[in-house]
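Visitor: Would you mind keeping the following structure in view while I ask a few things?
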Amino acid sequence: MVNSVPPNSSSIVPANNQNVEIFSLIWLDQDVESQYIQNAENKLRSNINLIKKFLDVKKCQQYVEDLSPADRVVMIVSGGLGQQIVPSIHKLRQVISIYVYCMNKERNKRWSKYLTKVKGVINEVDELVSQINTDRQIQRNLDEPFSTIFSM
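First residue of the sequence shown? That's 335 in the working numbering, and the numbers climb one at a time after it.
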């Protein structure tokens, strides 16, 4: 079930309860309620439990800054809004990766190329979903040894 979000608000939408973890996805885009974004969101649910959507850069930035450093956030940002927020939040520990979803890859690659947490500038939904799922699985494999060590 996909919950609809009125404009200028955000939502936390849990996926199934079996895949509980501290990873979440934040999507910042002026078109966050469009059908193509909702389709991508549905495809991402198998790997990400929590999806929070924002239309407003300041609210999104405040939310990210207020997260615990133990939280792990994957972000998807539009080109224009990403250019505003990414330089401010890319060094935060809780932000593990950022994907710029845009129509003008070349322009957005220019401002994002020196920001190490920007993992891709992508203009196709299926490519975005595939890249996030692949990177998420790699991150999960890297985190497993630590969870074993700390659970002893």
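For glycine and all other residues, C-beta sits at the position ideal for the given N, C-alpha and C.
Our contact map puts Y433 next to S412 with C-beta atoms below 8 Å; I'd like the distance itself, whole angstroms only.
Guide: About 11 Å; that fails the 8 Å criterion.
Visitor: To the nearest angstrom, report how far apart L462 and L415 are at their CA atoms.
Guide: If I take the Cα positions, the gap works out to 17 Å.
Visitor: Terminal residues of the continuous alpha helix (DSSP H) containing Y397?
Guide: V391 to D400 is the extent of the alpha helix (DSSP H) around Y397.
Visitor: Contact between the segment 359–366 and the segment 375–389 is defined here as three or more beta-carbon pairs at a separation below 8 Å; is this criterion met?
Guide: Yes: at least three Cβ pairs fall under 8 Å.
Visitor: For the beta strand (DSSP E) that V408 lies in, which residues bound it at each end?
Guide: It spans R406 to S412 - the beta strand (DSSP E) in which V408 sits, taken as one unbroken run.
Visitor: Of the choices K392, W445, D405 and K451, whose alpha-carbon is the least far from that of N383?
Guide: With distances taken between Cα atoms, N383 lies closest to D405.
Visitor: Opposite W361 in the DSSP bridges: which residues?
Guide: For W361, which the question treats as bridged, DSSP gives the partners K387 and I410.
Visitor: Suppose the cutoff is 6 Å on Cβ atoms and the five residues either side in sequence are ignored; what does the same chain contact list for Q465 look like?
Guide: Cβ within range, chain order: G454.
Visitor: What does a CB cutoff of less than 6 Å around H424 pick up in its chain, not counting 5 residues either side in sequence?
Guide: Around H424: L449 and K451.
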